[in-house]
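Residues 12 to 382 (the working numbering) make up the sequence shown, in order.
Built from N, CA and C at the ideal position, the CB exists for glycine as well.
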Amino acid sequence: MASARTVSDLLEAVANLAGGQLPAQLIGDRALPIERAASLEAAQAGDLAFLANPRYRQQAVHTAAGALVLAGAHRQELFPNGRAQGALVVCDAPYAWFAFAAQVLAPRDALVAGCARSAVIAPGARVDPSARVDDQVVIEDAAVVEAGAWIGPGCVLGPGSRVGDGTRLYAGVRVYHGCRIGRRGIVHAGAVIGADGFGFAPFHGRWIKIPQTGIVQVGDDVEIGANTTIDRGSAGDTIIGDGVKIDNQVQIGHNCHIGAHTAIAGCVGIAGSAIIGRNCQLGGAAMIHGHLSIADGTIVGAGTLVSRSLSEPDFYTGVFPMMRNRDWERNAALIRHLVELRDRIRHLERHLAGPDSAGATARDNNSEPNP
12 MASARTVSDL
22 LEAVANLAGG
32 QLPAQLIGDR
42 ALPIERAASL
52 EAAQAGDLAF
62 LANPRYRQQA
72 VHTAAGALVL
82 AGAHRQELFP
92 NGRAQGALVV
102 CDAPYAWFAF
112 AAQVLAPRDA
122 LVAGCARSAV
132 IAPGARVDPS
142 ARVDDQVVIE
152 DAAVVEAGAW
162 IGPGCVLGPG
172 SRVGDGTRLY
182 AGVRVYHGCR
192 IGRRGIVHAG
202 AVIGADGFGF
212 APFHGRWIKI
222 PQTGIVQVGD
232 DVEIGANTTI
242 DRGSAGDTII
252 GDGVKIDNQV
262 QIGHNCHIGA
272 HTAIAGCVGI
282 AGSAIIGRNC
292 QLGGAAMIHG
302 HLSIADGTIV
312 GAGTLVSRSL
322 SEPDFYTGVF
332 PMMRNRDWER
342 NAALIRHLVE
352 LRDRIRHLER
362 HLAGPDSAGA
372 TARDNNSEPN
382 P
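Have a look at this one:
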């Protein structure tokens, strides 16, 4: 449920949430009431909208939003004399300011402590009196639910698992034995934390299971999307650092380490024992091979296959551009013959350069590694 605030109230609330690190200037009606956060096109007089991408400048000029958050450069370009109606909030990071303001306008549902009658809680489990446990929850022996946590309907907490202060599990989350989730986290419906990793040894044409004896350790302030799966470690642990944000339907294999404040978009697959640095961004449907490392601050584009370690932070993309299928088929046929075409070009170069150059080129080719 949205909570109406004046623009001036929002300024103060965002300053507090951001720890004073996001100063903003208010231009216009300080007492303007704001009820909701909205897009530029859909916003009405009681709404807050933002402009961060310059492609949406014209929508910002014509938006009906009561308050508009934008950077100083866009304010000078679009509203040098302010807005005829409403207010402007000018800051260096309008998207982040909008996010903080949206939290103020649409706070999380208030937690009402208590355990539902249909919940099954083992005698050896410990549930803090300030926590909430909803219908059909199962909390097994030695599991711990800390202060202010909210365990949604149908969740299962395995033996010895732990859910930290203020963390919320939505319906149907499974936390396997021994796994730990930190404070102030959010785990969306259907996520599975701590299932066995994919560990099998080949033996005479069949597969021998390797017991997965590690756990999953999830840090503080982590959000995990719906139907995401994070496998337990095979021997050591799978580690998800503080502040990591994971989208829906992501697969994280056993013994992976995800550095603090990394963001992982939907349908990413990370194979076992990969080490992802801090403050990385992995685009949707990226595939990360196992047993490699990615440097802090690296960005991987959507749909990119990462098959080797990335030791230098940069923006990496490995997606072949979309084209008509008939064009793709022709290009694919050419790619299959690239080595042959290279050899033909080198032969022509040697022929055109003369016999002396041909001998030097042949010597170079003999010392060149195979493609």
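Mind checking whether residue i and residue j have CB atoms under 7 Å apart?
i: Val100; j: Leu37; result: yes
i: Gly159; j: Gly175; result: no
i: Ala206; j: Asp242; result: yes
i: Thr74; j: Ala56; result: no
i: Gly280; j: Ser245; result: no
i: Gly252; j: Ala271; result: yes
i: Gly294; j: Ala306; result: no
i: Gly257; j: Ile221; result: Sequence check: residue 257 is Ile here, not Gly. It is not a contact, given that the beta carbons lie outside the stated cut-off.
i: Ala60; j: Ala76; result: yes
i: Arg143; j: Leu168; result: no
i: Gln70; j: Glu52; result: yes
i: Thr240; j: Gln223; result: no
i: Ile310; j: Phe326; result: yes
i: Val11; j: Ala78; result: An answer regarding residue 11 cannot be provided, because it is not within the stretch 12 to 382 covered by the chain.
i: Leu316; j: Gly329; result: yes
i: Ala26; j: Pro44; result: no
i: Asp40; j: Ala104; result: no
i: Ile226; j: Gly165; result: no
i: Glu151; j: Ala127; result: no
i: Ala274; j: Gln292; result: yes
i: Val156; j: Gly196; result: no
i: Leu22; j: Ala42; result: no
Using DSSP with H/G/I as helix, E/B as strand and the rest coil, what is residue i?
i: Phe111; result: helix
i: Asp354; result: helix
i: His268; result: strand
i: Leu62; result: coil
i: Ser304; result: strand
i: Asn381; result: Note on Asn381: pLDDT 47, under 50, position unreliable in the model; the coordinate value appears next. In this structure, Asn381 counts as coil in the three-state DSSP scheme.
i: Pro164; result: coil
i: Ala133; result: coil
i: Ala26; result: helix
i: Glu234; result: strand
i: Val18; result: helix
i: Gln87; result: helix
i: Arg185; result: strand
Buried or exposed: where does residue i fall if 16 or more other Cβ atoms within 10 Å of its Cβ makes it buried?
i: Asn266; result: buried
i: Ser172; result: buried
i: Tyr181; result: buried
i: Pro91; result: exposed
i: Trp339; result: exposed
i: Tyr106; result: exposed
i: Gly365; result: exposed
i: Gly163; result: buried
i: Val350; result: exposed
i: Phe214; result: exposed
i: Asp145; result: buried
i: Ser318; result: exposed
i: His199; result: buried
i: Gly193; result: buried
i: Ser284; result: buried
i: Gly210; result: buried
i: Gly93; result: exposed
i: Trp108; result: buried
i: Leu81; result: buried
i: Ser378; result: Only weak support is given to the placement of Ser378: the predicted model assigns it a pLDDT of 48, under 50, and the value that follows is read from those uncertain coordinates. Counting Cβ neighbours within 10 Å, Ser378 comes out exposed, since fewer than 16 surround it.
i: Gln228; result: buried
In terms of DSSP beta bridges, what is residue i paired with?
i: Arg194; result: Bridge partners of Arg194: none, in fact.
i: Glu46; result: Answer is none; Glu46 lacks a bridge partner.
i: Val317; result: Ile299
i: Asp242; result: Ala206
i: Cys291; result: The partner list for Cys291 (beta bridge, DSSP) is empty, contrary to what the question assumes.
i: Cys126; result: Val144
i: Leu99; result: Ile38, Leu79
i: Gly280; result: Gln262, Met298
i: Ala212; result: Ile219
i: His326; result: Correcting the residue identity first, residue 326 is Phe in this sequence and not His. Answer is Ile310, bridged to Phe326.
i: Leu180; result: Ile162, Val198
i: Ala274; result: Lys256, Gln292
i: Val72; result: In the DSSP output, where bridge partners are listed per residue, Val72 has none listed.
i: Thr249; result: Val227
i: Ile286; result: His268, Ser304
i: Arg173; result: Val155, Arg191
Mind checking whether the beta-carbon of residue i lies closer than 6 Å to any heavy atom of the ligand MG?
i: Lys256; result: Looking at this structure, you won't find the ligand MG or any other ligand, since it has none at all.
- Message: When you compare the segment 110-119 with the segment 135-153, are there three or more beta-carbon pairs, one atom per stretch, that lie closer than 8 Å?
- Response: no
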